[in-house]
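Taking it in order: structure first as structure tokens, then the write-up.
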Amino acid sequence: MAKIMAGVGCSHVPAIGVAMDTGITHEEYWKPVFEGFKKSREWMKKQNPDVIFLVYNDHCTAFDARCIPTFALGCGAEFQPADEGWGPRPVPAVKNHQKMASHIAQSLVLNEFDITIMNEMEVDHGLTVPLSVMFGDIKQNDEWPALVIPLCVNVVQYPAPTGNRCYNLGKAIRRAIESYEEDLNVIIFGTGGMSHQLQYKRAGLINSDWDKRFLDLMTEDPVGASQITHLEYLRETGSEGIEMVMWLIMRGALNENVTEVHRHYHVPASNTAVGHIILENNA
Amino acid sequence: MTEKEYDKIPGTIVFDADKSREGYHLNQFCISLRLQKNRDAFNKNEEAYLDAYPMSKEQREAVLKREWNLLLELGGNIYYTSKLAANDGINFQNLAGQMTGMGVDSYREMMLKGGRSIEGNRDKSDWGED
């Protein structure tokens, strides 16, 4: 049977992708950001996952204002990196485990999570940046080392799904994955955050104390984290900090007790606090 | 209009269903600039290009004048308006420098020093607003 081995929380700042794509990660500004992912890349090699279930948000690329699904599951064979206005990122297309994705889609709906099924979809930095930071440089004509099942969450138009809903969806995703009969190692990613506000007069807000407490809760008290209100996210972590609800989907798919094997936190990357955590399911 | 619980957060516009409805054509115009062929057409003749999007007169003026904060007040969302900024060669950080009124250099400096503190930035009363 398929099994979820671990969860990864990770910011997806577009500028991090640009830094990798333009080869400036050794510069003073970027060094501390990437230093914190060295251990993660070694860990990824050791884990050698077959499939990554990747929770992220689209930034009005695949979904502009015409259509705003709260949860959309990628079920197509592959997903091309999108042109977000400055050309597509020079990274490989993302290949799906299509059979498993279909199984998950069916299982989720029968478990009363009525997701949208996407058979055609381009993916933006929200999905490709976490893959890049965790796998390192992968050439465009190469392949990502794992298959990827994307789950896209609306966090652009208020309200995003509640933390509680996300946490419970994570549990349903786990049931779906672990009822799939092929023996596969699966790692689940929750991406986005941490505190940041990109817009209007309060832009630039960073709340490090809050972010660090959230990382603590990810390890020690996920149920507590699932009860954080939208108002608290908006006020304390900035209008875009609400992306952190996506980490709760990842966390819901893990055991209540986990082992934190790595953590990284750095300010700033462009306008954003970079946060990262690796949690292993205790055997 | 009924007050919303997040209305008290200073310097922040929450892009909710009301804003989304108000800003629909404005945002769809902005996102069209994701593609080079559309940017070329817009840059060739802004007024003519905007005719295809039935936005309000006020929104149209704010686009032409690049009034970044007003665009958000009128229903624009940052992930959309940032495409108009990118067309002008303005990245997210420099756009934030303009929206905050700080200017690019002081904004960048603030971010390097750990960003804008949450202290004094939780409630409109902190900013001397209602």
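In the order they appear, the protein sequences are chains A and B. For the first sequence, our numbering gives the first residue as 1, with consecutive numbering after it. For the second sequence, our numbering gives the first residue as 1001, with consecutive numbering after it. We treat Cβ as the ideally placed atom computed from N, Cα and C, and that holds for glycine.
query                                                                                                                                                        : result
Could you tell me which whole beta strand (DSSP E) segments of length 3 or greater appear in the segment 66-152 of chain A?                                  : 71-74 and 116-118
For A/Pro69, decide whether its Cβ has a neighbour in chain B, counting only Cβ atoms nearer than 8 Å.                                                       : no
So, is A/Ser239 buried or exposed, given that buried needs 16 or more other C-beta atoms within 10 angstroms?                                                : buried
Hey, quick one: how far does the beta strand (DSSP E) through A/Asn281 stretch, first residue to last?                                                       : Thr272 to Asn281
Could you give the distance in angstroms between the alpha-carbon of A/Asn207 and the alpha-carbon of A/Gly7?                                                : 24 Å
With distances taken between CB atoms, is the gap from A/His288 to A/Val274 smaller than 8 Å?                                                                : Missing from the structure shown is residue 288 of chain A; chain A here goes from 1 to 283 and no further.
Is the beta carbon of A/Tyr200 closer than 8 Å to that of B/Leu1072?                                                                                         : yes
List the whole-angstrom C-beta distance separating A/Leu131 from A/Ala101, where the pair is believed to meet the contact cut-off of C-beta under 8 Å.       : Not really, about 17 Å apart at Cβ, beyond 8 Å.
Would you mind telling me which residues of chain B sit closer than 8 Å to A/Ser226, beta carbon to beta carbon, in chain order?                             : Neighbours of A/Ser226 on chain B: none; closest Cβ ~19 Å, over 8 Å.
Since B/Thr1100 contacts A/Ala225 with CB under 8 Å, what's their CB separation in whole angstroms?                                                          : The pair is not a contact, with the Cβ atoms about 30 Å apart (cut-off 8 Å).
Give me the residue from A/Gln197, A/Glu181, A/Pro159 and A/Glu256 with the minimum Cα distance to A/Val245.                                                 : A/Pro159
Can you confirm whether B/Phe1092, when its beta carbon is compared against all beta carbons of chain A, has any partner nearer than 8 Å?                    : yes
Of all the CB atoms in chain A, is at least one closer than 8 Å to the CB of B/Arg1060?                                                                      : no
Please list the partners that A/Trp86 has in chain B, where partner means a Cβ-to-Cβ separation under 8 Å.                                                   : Ala1086
Return helix, strand or coil for B/Arg1116, following the three-state DSSP convention.                                                                       : strand
Residues in the same chain with beta-carbon distance under 6 Å from B/Phe1029, minus the five sequence neighbours each way, listed in chain order, please.   : Tyr1053
Quick one: does B/Lys1083 have its CB under 8 Å from some CB of chain A?                                                                                     : yes
If I follow the unbroken beta strand (DSSP E) through A/Thr22, where does it start and stop?                                                                 : A/Thr22 -> no beta strand (DSSP E), and no H or E assigned at all.
Using C-beta distances below 6 Å, list every residue in its chain close to A/Ala65, excluding the 5 sequence neighbours before and after it, in chain order. : none
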